[in-house]
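Chains as they are written, first to last, in the working numbering: chain V, 1 to 318; chain Z, 319 to 655.
Structure first, then comments.
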Ligand SMILES: Cc1ncc(C[n+]2csc(CCOP(=O)(O)OP(=O)(O)O)c2C)c(N)n1
Ligand SMILES: [Mg+2]
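Pasting the structure below:
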C-alpha cells in the first residue's frame, strides 16, 4: 500500500493518461495527427497501479497501447505529444510515433508495434539484471491477444527455467482488435497458463488500482528475491475503439456501458474521498489541471521544429 | 597483419578464439544457443568454453530461437554483448521477428536513443548433403534489411578479426559461418586483432576479369582463378567479407581495372546479393569501364536436393566459375542487344 500523498498522485496520473488519450482521439478525428494510435482509456488503473510498485532501477516493456504505461513510468507528456506530432523534440525525434515511444536510459524499453514483440526483450532485461547481480525487476506489459503468440510461450518458459526477474502483466481487456478472448482461448483465465511454465499465475480485477498494485508488488518482490517470474493478469476493458475509432461491430453498446460503470478512475476517486484524502471540489480542480497540462503539451508540440529531412538517413548503422 | 606470434588453426578454432578472447576481456559478453555447452555446439565451435566460463556465460537454451534471440536483443539493449548461436542458419526463420522487427529497428525507431550490440552467429551453406532445410544460404534476406550488418568471412584470419569487430560493434551483426569452412586451416595471430566490418579484400590480383565473391565461394573463385591462369586468363578475386554494408568501392576499383565482372555467390540466383553487386556497378560510373555484360554464378532457383550429384548439379562449383568466366570472355564485345 502506497503512502497517502502518493495516492493522490496516482489519481492524477490516471487522469493525465486518460486526458492525454482523449485529446489524441480528438486530434485524430480532426485529422491533426496522422498514422495510428491505440488508446488506454479504461485501463489506467493497471499501468498506474503496477508501475507504482516499481523501484528505482526497475524497467518496463510496453505495447502498441502504450501511452498509459509511458505516463505511469514518468515520461514527459510534452515529449510524448511532440513524438505523436512527428516533431524533432519527440522521444524518438519524430522517427517512432505512438507505437515506438521509448526512453531506454530511464528504463522504459519501448512501446512495440508487434503484438508480443517486447516479451523476449523483457527477458533480456531480466537476464542483464540477473547477470549483473542487480536486484532490479522487469515489468512486461502485453495484451491477452499476445498470449496466443509463440513468443509468449518461449518467453515464459525461458524466464521460468532461468528464474529471471520478470513480471509478465497481461492486460486482459477482453479483445484483440475484434477477437474476443472467449473465442481466442479455451482456458478460463490467461493466468491458468502459468501452471504450464511452473510459475505462479494470479488474476486480479484491473479496475481496482490497489488490487493491481498489491499483486504487482508481491510479484516484483518475488522477482527481486530471485524466485523467478509471475504471470499476472488484470481484467480490464478498453472504452474506445481498437485504434483511433472503430465501429464497435464486435461488441454491444450495453457491454461498453456496463464496463464504464465500473470506471477505475471514478472508483479510485471515491475511495480516496472515503479515506479523507480528497474532497469533491478538489476532484474538479484535478480534472481541470490535467486538461490544462495536456492542452499545453500539444500546443507546445505544435510549435516544435520538424525534423530535418536528412535526419531520415541517420540513426541506422547499416 | 600484426607482428605477434601466430600458428596454424582452423576456422572453427578462430571463431572460438575470438569468443574466448572477448569473454575474458569483458564480463558482459556471453554465448547463448542450443547445445553450446558441454556438447560444444552442433559443429563443435564452442567446445571447451563452458568449462572455462561456466553455464551462466555459455548458456544452453531450450529449442527456442525466437525466445533466446529476443532475450539477447533485450540484454543488448541493456548494454550487454550477447552472442547468439543458431545451430543451422535455416532456423533463422524462427526468429525473424526478433531480428527484423526488433533488433534491426530499435535504434532507428527510437531516434538513435538505444542500440542493440548483439551478434548472431550461424553456419549456412550447402555441400554437406543435408538437404533442403539444413543447407540454405539466406543471407540476402538480411542484406535487404536496413539496420542489420551481415558478415561472411571466408578464412580463419578474417573469421577471428571480423568476429571481434562484430562483438565490439554497436549494431546487430549477423555472422555467417560455413560448415565446409570449419576445418580449413591457416596462420592466425595469437593476439586479438580486428578486421573492419564493411571492407572487402582483393585476395588475388589480375588484369582480365574481376570475380566478386564471399564465404566458401571465395575459395571456389580462387580455385577457378588458378585453373584460368593455366589458360592465360588472370582473374582478380575480391572477397567481400561483409555483405552489408557492402564495399562497392573496392568492387568498382577492380572492375575499372579489369573491365569485366563475374559474381560468385552460393545463394539462389533470383534476388540474390549478387544482383545488388551488379546493379551498383552498372548504375554507377564504373559501368563505362565494362566492355561486356557482367555474369553471375549462383545456385539454381530450387531448394537444395539431398542426392549428392543433384546437389552438385545445382550449386556453384569451381568448374562452373571457370566456364562462366570463359563464356564471358568469349562473348561478343560491345553487343548488348
Ligand atoms: C504480430 C502482429 N500481429 C497482428 C498485429 C495487428 N494488431 C495490432 S494490435 C492487435 C490486437 C492485440 O490484442 P491484445 O494483445 O489483446 O492487445 P490490445 O490491443 O487489446 O491492447 C492486432 C491484431 C500486430 N501489430 N502484430
Ligand atoms: Mg486485448
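For glycine and all other residues, C-beta sits at the position ideal for the given N, C-alpha and C.
Counting only the Cα atoms, residue 412 of chain Z lies some 13 Å from residue 149 of chain V. For the stretch 85-102 of chain V, the set of residues with a beta-carbon nearer than 8 Å to any beta-carbon of chain Z comprises 90, 91, 92, 93, 94, 95, 96, 100, 102, in chain order. For residue 140 of chain V, the uninterrupted beta strand (DSSP E) run begins and ends at 138-143, by DSSP. Considering only V/125, V/269, V/54, the residue with the shortest C-alpha distance to residue 73 of chain V is V/54.
For the C-beta of residue 148 of chain V, not a single chain Z residue is nearer than 9 Å; the gap to the nearest is close to 14 Å. In the three-state reduction of the DSSP assignment, residue 624 of chain Z falls in the coil class.
About 5 Å separates the beta carbon of residue 483 of chain Z from that of residue 515 of chain Z, a gap short enough to meet the 8 Å contact definition. Rounded to the nearest whole angstrom, the C-alpha separation of residue 68 of chain V and residue 17 of chain V is 5 Å. Neighbourhood of residue 373 of chain Z in chain V, by CB distance below 8 Å: empty, with the nearest CB roughly 10 Å away. Going by DSSP, residue 494 of chain Z is part of the beta strand (DSSP E) stretching over 491-496.
In this structure the stretch 433-444 of chain Z touches the stretch 485-500 of chain Z; the number of beta carbon pairs closer than 8 Å is three or more.
As for any beta strand (DSSP E) of minimum length 3 sitting wholly inside the stretch 171-255 of chain V, the runs are 201-205, 230-235, ordered along the chain. Using a Cβ-Cβ cut-off of 9 Å, residue 221 of chain V is close to nothing in chain Z; its nearest Cβ partner there is about 21 Å away. Using beta-carbon distances, residue 170 of chain V does not count as an interface residue toward chain Z, since no partner is under 9 Å. Of the heavy atoms belonging to ligand 1, at least one sits nearer than 8 Å to the Cβ of residue 146 of chain V. Looking at the DSSP output, residue 563 of chain Z bridges to nothing. Taking a beta-carbon distance threshold of 9 Å, residue 65 of chain V does not count as an interface residue toward chain Z. Remark: the shortest separation between the CB of residue 40 of chain V and any heavy atom of ligand 2 does not fall under 8 Å.
The straight-line gap separating the alpha-carbon atoms of residue 64 of chain V and residue 405 of chain Z is approximately 32 Å. Residues of chain Z with a Cβ closer than 7 Å to the Cβ of residue 315 of chain V are, in chain order, 425, 426, 429, 430. Taking a beta-carbon distance threshold of 9 Å, residue 81 of chain V does not count as an interface residue toward chain Z. For residue 69 of chain V, the Cβ stays outside the 8 Å cut-off from all heavy atoms of ligand 1. Cβ contact annotation for residue 447 of chain Z (same chain, cutoff 8 Å, sequence separation greater than five): 624, 626, 629, in chain order.
With three or more CB-CB distances shorter than 8 Å, the stretch 455-467 of chain Z counts as touching the stretch 558-568 of chain Z. Within 10 angstroms of the beta-carbon of residue 605 of chain Z lie fewer than 16 other beta-carbons, which makes it exposed. In the DSSP assignment, residue 503 of chain Z falls within the beta strand (DSSP E) that extends over 503-507.
For residue 583 of chain Z, the enclosing beta strand (DSSP E) starts and ends at 579-586. In this structure, the beta-carbon distance from residue 530 of chain Z to residue 582 of chain Z falls below 9 Å.
Just so you know, the alpha carbons of residue 229 of chain V and residue 477 of chain Z end up roughly 38 Å apart.
With a cut-off of 8 Å, the C-beta of residue 415 of chain Z is classified as near ligand 1, since at least one heavy atom of the ligand falls inside that distance.
Here the alpha carbons of residue 88 of chain V and residue 282 of chain V stand approximately 37 Å from one another.
The beta carbon of residue 323 of chain Z is closer than 6 Å to those of 508 in its chain, skipping five residues each way along the sequence. Residue 647 of chain Z is positioned such that its CB atom lies closer than 9 Å to that of residue 551 of chain Z.
Identification of chain Z residues near residue 131 of chain V by a Cβ-Cβ cut-off of 9 Å yields 345, 346, 348, 374, 375, 393, 398, ordered along the chain.
Taken in chain order, the complete alpha helix (DSSP H) segments of 4 residues or longer contained in the stretch 528-556 of chain Z are 534-547.
Secondary structure note for residue 448 of chain Z: it is in no beta strand (DSSP E), with a DSSP letter that is neither H nor E.
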